[in-house]
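Protein sequence lines correspond, in order, to chains H and B.
Heads up: the first sequence begins at 155 in our numbering, then just goes up one per residue.
Heads up: the second sequence begins at 28 in our numbering, then just goes up one per residue.
Quick reminder that beta carbons are idealized off the backbone N, C-alpha and C, glycines included.
Only a predicted model underlies this, so the values are computations on that prediction, with no experimental measurement involved.
Structure first, then comments.
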Amino acid sequence: MTNAPNALTISDLETVYDSLASAIDQAGQDKSSLFLVKLALLNANALASADVFQAHVQAALQDL
Amino acid sequence: MHTPTTQARPSIYYTYEVFKPWLPSEHPQPTRQKVVIVGAGPAGMVTALELARHGVPSVVLSSELQFSQGSRAICFTRRSMEILQQVGVADRMTEGGLPWRFGNSYYRGQRVFRMEAPHDADDRFFPIINVQQQFMEEYLHDACKANPLIDFRWGNKVNQVAQKDGYALLEVDTPEGLYALESNWVVAADGGRSGIRTAMNLEMEGASYEGFFVIADIKVDLPLPTERLAYFDPDWNPGNTILMHREPNGIWRVDYQLPEGETPEEALKPESLKARIDAQLAMIGHAGAKWEMDWSSVYSARTLTLPDFVHGNVIFTGDAAHLLPIFGVRGANTAFQDAQSLGWHLAFVVKGLGSQKLLANHSAERVGAAREIIDEAGKSTRFMTPPAGGFQLLRDAVLSLSLTQAFVRPLYHWRTSRPHAYTHSILNSAGDDNGLFKTGPAHGAPPQNVRLGANDFLLDHLGGGFDLLYFTDASFIPEALQHTIHSARAQGMPLRVIAVGSAQPVEGADTTLADADGHLRERYGIPANGGAYLLRPDQHICARWLTLDATRLQAALNTALPQ
C-alpha cells in the first residue's frame with residue numbers, strides 16, 4: 155500500500171500507535187475484538203469509500 | 028385410512044369449525060381433472076381463486092378438517108392486500124386487521140432505530156396489516172366455497188403422486204379409504220414440509236441458520252400501539268433478539284431467540300415459556316402483567332429454494348417451493364405473489380392461450396424472486412441471529428455504536444417483503460418505449476396504485492386479464508388499435524381497454540377514467556395523448572409506449588403470450 159498524500163506524519167503515527175495500544179488494553183482481552191471492529195466501522199465511515207476500505211482489508215489480511 | 032382429528036383445535040380467540048370430510052362414495056367417480064391443488068393454505072387457496080377467475084376449475088385437497096393451528100403468518104404487506112383484493116377478500120382482512128407502519132429497535136433500554144414505512148396518498152392499503160392466519164384462511168375458504176369452479180375437499184390426504192405421460196396420478200386417502208385421482212396438473216402447495224417435494228427427491232438450494240426462535244401468542248393487555256418492537260441483547264436473554272407484534276383480539280406475538288445449545292423441546296416447556304415471557308414483559312415495564320398462552324412453536328431461519336418450480340406435471344408453490352426467514356414477513360407474503368403468478372400462467376396454458384413456455388416463465392420469474400428474497404433475507408437474518416465469529420462481532424459492534432453513532436442505525440432496518448420486478452421477463456416487449464420513460468412503473472414492475480377519488484383507486488379497475496391503459500382526451504380509440512384489440516380477443520385473449528384522460532366515455536374502451544387533474548398521467552410518466560401501458564393479469568407491466576401504434580401493440584401481445 156502506497157502512502158497517500160494525506161498520510162500521517164511520523165509523530166502523528168506514533169501518537170496513533172500509542173493510543174491504539176493503550177485503548178486495546180483498556181478494552182480488555184474480552185472486549186478488544188469488539189472495540190477494534192467498532193473502530194474499523196468508525197474509520198470506514200470517515201473514509202467514505204467502500205473500495206478504499208476493501209483495499210485496507212486486503213492489506214491487513216496479508217502476512218498474518 | 029386417513030383419520031384427521033375431529034377435535035376442534037384449542038384457541039383463546041378463534042372458534043375452529045370442524046368441516047365434514049369429502050368422501051369418494053358420496054360423489055360420482057372422478058374424471059380426469061384439469062388442476063388438483065394439494066394443500067389449502069394461503070398459496071393453495073389463492074391459486075384456486077386465481078385459476079377460477081380465469082375460468083379454470085380446480086380441486087383443492089386439505090388433509091385436515093380445519094384451518095391451521097395457531098396464528099402463524101400475521102403480517103400482510105400492501106402487495107398481499109392488493110392480491111387479496113383481486114380474489115375478493117381484502118375488505119374482510121381490513122375489517123378485522125390492525126394496520127401499521129412503524130417499527131422500533133431497542134438496545135440497552137434505548138430506542139436506537141425507528142422505521143417509518145412510507146404511506147403514499149395514492150395507496151389504498153397500509154404498508155402492513157396484522158391478521159391471524161386462521162381468519163385469513165377462513166376468508167379465503169369462504170371465497171373458495173362460494174365459487175362453483177372450486178371443488179374443496181377436506182380430510183383428503185395425498186399419499187402419492189405418480190407422473191404419467193401428460194398427467195399425474197394421485198393416490199388420495201380419506202376417512203373411508205383410498206381413491207385415485209387423475210389430473211393434468213398438480214399444484215404442490217403442501218407447505219414447508221412438502222411431502223410431494225420429499226417423495227420426488229428434490230433438493231433445495233441455499234442456507235440454514237443455527238439460531239432457534241420460540242414463537243408464542245399470548246393474550247395480554249398492553250397499552251401499546253400497533254408497531255413492531257425489536258429488542259437486541261437484553262439482560263434476560265444476552266446476545267439474543269426478541270420481537271413483539273400486536274395482533275387483533277387482544278393477542279401479542281412474542282418471538283425470542285433461544286440461547287445456544289438449547290433444544291426446542293426444552294424451550295417449549297411451560298415453565299421455560301413462563302419465565303421468559305415474564306422476563307420480557309418486565310423488561311418493557313409491565314412486570315407482573317397477567318397473560319395467558321394461546322399457541323407456541325419453534326422456528327429456525329432458512330433461506331432455501333427449489334431451482335425450478337415446474338417438474339413434469341407437478342408445480343411447486345409457496346413454502347413447498349421455498350423456505351424463507353420470518354424476518355421481513357416473507358412467508359405468506361411471498362406465497363401470495365407465487366400463487367397470483369401461477370394462477371394466470373397455468374390458466375392460460377390450460378385454456379390453450381399460450382404454450383408451456385408460460386410455465387417456464389412463471390418458474391423463472393418466481394425462482395428469481397425467491398433468490399432476490401433470499402439475498403435480502405440473508406442480510407436481515409445475519410443481523411437478527413448472527414452466526415458465531417465475524418458476523419456476531421460486527422453485529423455486536425453495530426449495537427454498541429448505535430447508542431451514539433447515527434450512521435450505523437439504518438443497519439437495524441431489515442428489508443420488508445416487497446414485490447419482485449420481473450425486469451428480464453421474456454413477456455416484456457422488446458420494441459416498446461420502456462427505456463424512454465422518465466418515470467412510472469417499468470418493465471416487469473408491479474403497478475403503481477393511484478387514488479382516483481373517494482374510495483376509488485386505479486388497481487380497483489385492473490386485473491383478471493390483460494389490461495391496456497390508453498391515455499387520450501379524444502373521444503375514441505384509434506381504429507387501427509381497435510382492430511388489433513378485437514383480433515386478440517377473437518383468439519381468446521382476455522384484454523380490457525381502460526381509457527385515461529377524457530371526461531366522456533371513450534369509444535372502443537371498456538372503461539374511461541377521467542383523470543381530470545392529470546395525476547394518473549403524471550405518475551405513469553405520460554407526457555402526451557397516445558401513450559399506453561400493457562399490464563399482465565397479475566398487474567405487472569409488460570409493455571409501455573409514449574405513442575402506441577397497432578404494429579407495436581400486436582408485437583407486445585404476441586410477446587406477452589408465447590406460443
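Inset, instruction - If I'm right that residue 191/H touches residue 424/B with Cβ under 8 Å, what's the distance once you round it to whole angstroms? - result: As a first step, residue 191/H must be located in the first sequence, where it is residue number 37. As a first step, residue 424/B must be located in the second sequence, where it is residue number 397. Contact holds; Cβ gap of about 4 Å.
Legend entry - Neighbour list for residue 518/B in chain H, Cβ cutoff strictly below 9 Å: On the second sequence, residue 518/B is found 491 positions in, with the first residue counted as 1. Correct list: empty, because the minimum Cβ distance to chain H is about 52 Å.
Legend entry - Within-9 Å CB hit, residue 197/H to chain B: One-based indexing of the first sequence puts residue 197/H at position 43. For residue 197/H, the answer is no, since every Cβ of chain B falls outside 9 Å of its Cβ.
Inset, instruction - Under the assumption that residue 69/B contacts residue 362/B (Cβ atoms under 8 Å), give the Cβ distance between them as a whole number of angstroms. - result: Mapped onto the second sequence, residue 69/B falls at position 42. Mapped onto the second sequence, residue 362/B falls at position 335. Confirmed, Cβ separation roughly 5 Å.
Legend entry - Minimum Cβ-Cβ distance from residue 423/B to chain H less than 9 Å: On the second sequence, position 396 is the one that residue 423/B refers to. Yes, because at least one Cβ of chain H sits closer than 9 Å to the Cβ of residue 423/B.
Inset, instruction - Please go through the same chain and pick out, in chain order, the residues whose beta-carbon is closer than 6 Å to the beta-carbon of residue 126/B, but skip the five residues on each side of it. - result: By 1-based counting over the second sequence, the position of residue 126/B is 99. Closer than 6 Å at Cβ, skipping near neighbours: 153, 156.
Inset, instruction - Closer than 9 Å, Cβ to Cβ, to anything on chain H: give me those residues from the stretch 402 to 433 of chain B, in chain order. - result: 417, 420, 421, 423, 424, 425, 427, 428, 432
Inset, instruction - Determine the chain H residues that contact residue 435/B at a beta-carbon separation under 7 Å, and present them in chain order. - result: Along the second sequence, read from residue 1 onward, the residue named residue 435/B stands at position 408. Under the 7 Å cutoff, chain H gives 195.
Legend entry - Spatial neighbours of residue 110/B in its chain, beta-carbon cut-off 6 Å, leaving aside the 5 residues before and after: Residue numbering aside, residue 110/B sits at position 83 when the second sequence is read from its first letter. For residue 110/B, where only same-chain residues beyond five positions count, the Cβ hits under 6 Å are 363, 367.
Legend entry - Whole-Å CB distance - residue 183/B paired with residue 49/B, under 8 Å assumed: Within the second sequence, the letter at position 156 stands for residue 183/B. Within the second sequence, the letter at position 22 stands for residue 49/B. Contact holds; Cβ gap of about 6 Å.
Inset, instruction - For chain B, find out if any of its Cβ atoms is closer than 9 Å to the Cβ of residue 188/H; answer yes or no. - result: Residue 188/H sits at position 34 when you count from the first residue of the first sequence. Cβ-Cβ to chain B under 9 Å: yes for residue 188/H.
Legend entry - Straight-line gap, residue 120/B to residue 244/B (C-alpha atoms, nearest Å): The residue you call residue 120/B lines up with position 93 of the second sequence. The residue you call residue 244/B lines up with position 217 of the second sequence. Spanning the two alpha carbons is a distance of roughly 19 Å.
Inset, instruction - Check the Cβ-Cβ distances between residue 211/H and every residue of chain B, and say whether any is below 9 Å. - result: Along the first sequence, one-based indexing puts residue 211/H at 57. No - not a single Cβ of chain B is within 9 Å of the one on residue 211/H.
Legend entry - Where residue 495/B falls, given that 16 or more other Cβ within 10 Å makes a residue buried: To locate residue 495/B, count along the second sequence from 1; it is residue 468. The residue in question, residue 495/B, is buried, as its Cβ has 16 or more Cβ neighbours within 10 Å.
Legend entry - Range of the contiguous beta strand (DSSP E) that encloses residue 234/B: Within the second sequence, residue 234/B is the residue found at index 207, counting from 1. First-last of the beta strand (DSSP E) with residue 234/B: 232 to 247.
Inset, instruction - Step through the CB atoms of chain B and report whether any lies within less than 9 Å of the CB of residue 191/H. - result: In the first sequence, the residue the question calls residue 191/H occupies position 37. Chain B, which has a Cβ nearer than 9 Å to the Cβ of residue 191/H, makes this yes.
Inset, instruction - Indicate whether residue 557/B and residue 511/B have their beta-carbon atoms separated by less than 9 Å. - result: Working through the second sequence from its first residue, we reach residue 557/B at position 530. Working through the second sequence from its first residue, we reach residue 511/B at position 484. Taking 9 Å as the Cβ cut-off, residue 557/B and residue 511/B do not qualify as a contacting pair.
Inset, instruction - Return the residue from the list 358/B, 379/B, 430/B that minimises the CA-CA distance to residue 396/B. - result: Residue 396/B sits at position 369 when you count from the first residue of the second sequence. When each option's Cα is compared against that of residue 396/B, the closest is 358/B.
Legend entry - Any beta strand (DSSP E) of 3 or more consecutive residues that is wholly inside the stretch 109 to 169 of chain B: 125 to 127, 129 to 134, 137 to 143, 155 to 157
Legend entry - C-beta contact flag for residue 595/B and residue 185/B at 9 Å: Residue 595/B is absent from the model: chain B starts at 28 and stops at 590.
Inset, instruction - Could you please give the first and the last residue of the uninterrupted beta strand (DSSP E) stretch that includes residue 280/B? - result: Counting from 1 along the second sequence, the entry for residue 280/B is found at position 253. Where residue 280/B is concerned, the enclosing beta strand (DSSP E) stretches over 278 to 284.
Legend entry - Beta-carbon proximity of residue 586/B to residue 455/B, cut-off 9 Å: The residue given as residue 586/B occupies position 559 in the second sequence. The residue given as residue 455/B occupies position 428 in the second sequence. In this structure, residue 455/B lies closer than 9 Å to residue 586/B by Cβ.
Legend entry - Cβ-based burial, residue 410/B [other Cβ within 10 Å; buried from 16]: Walking along the second sequence from the start, residue 410/B turns up at place 383. The residue is buried, with at least 16 neighbouring Cβ atoms inside 10 Å.
Inset, instruction - Note down the Cα distance separating residue 198/B from residue 382/B, rounded to an integer number of angstroms. - result: Position 171 of the second sequence holds residue 198/B. Position 355 of the second sequence holds residue 382/B. One C-alpha to the other measures close to 28 Å.
Inset, instruction - Output the boundary residues of the alpha helix (DSSP H) element that contains residue 652/B. - result: Coverage of chain B is limited to positions 28 through 590, which leaves residue 652/B absent and any answer about it impossible.
Inset, instruction - Along the beta strand (DSSP E) that carries residue 255/B, what are the first and last residues, could you check? - result: Numbered from its first residue, the second sequence carries residue 255/B at position 228. Its beta strand (DSSP E) spans residues 255 to 259.
Inset, instruction - Counting only the same chain and skipping the five closest in sequence on each side, list residues whose C-beta sits under 6 Å from that of residue 176/B. - result: By one-based count along the second sequence, residue 176/B stands at place 149. Cβ neighbours of residue 176/B beyond the five flanking positions: 79, 84.
Inset, instruction - Give a yes or no on whether the minimum CB-CB distance between residue 45/B and chain C is below 9 Å. - result: The chain labelled as chain C is not found among the protein chains of the depicted structure, namely H and B.
Legend entry - Proximal residues to residue 187/B (C-beta, below 6 Å), its chain only, five neighbours per side dropped: Against the second sequence, residue 187/B aligns to sequence position 160. Same-chain partners within the cutoff: 198.
Inset, instruction - Look at residue 497/B and residue 536/B and say whether their C-beta atoms are less than 9 Å apart. - result: Taking the first residue of the second sequence as 1, we reach residue 497/B at position 470. Taking the first residue of the second sequence as 1, we reach residue 536/B at position 509. Result yes, Cβ atoms of residue 497/B and residue 536/B sit closer than 9 Å.
Inset, instruction - Report the three-state DSSP secondary structure of residue 49/B (helix, strand or coil). - result: On the second sequence, residue 49/B is found 22 positions in, with the first residue counted as 1. If DSSP states are grouped into helix, strand and coil, residue 49/B belongs with coil.
Legend entry - For residue 528/B, the nearest candidate out of 322/B, 503/B, 521/B (CA to CA): Within the second sequence, the letter at position 501 stands for residue 528/B. Ranking the options by Cα distance to residue 528/B, first place goes to 503/B.
Inset, instruction - May I ask you to verify whether the stretch 91 to 101 of chain B touches the stretch 29 to 39 of chain B, counting CB pairs closer than 8 Å and requiring at least 3? - result: yes
Legend entry - Nearest residue (CA-CA) to residue 65/B, options 89/B, 132/B, 430/B: What you label residue 65/B is simply residue 38 of the second sequence in a count that begins at 1. The option with the nearest alpha carbon to residue 65/B is 89/B.
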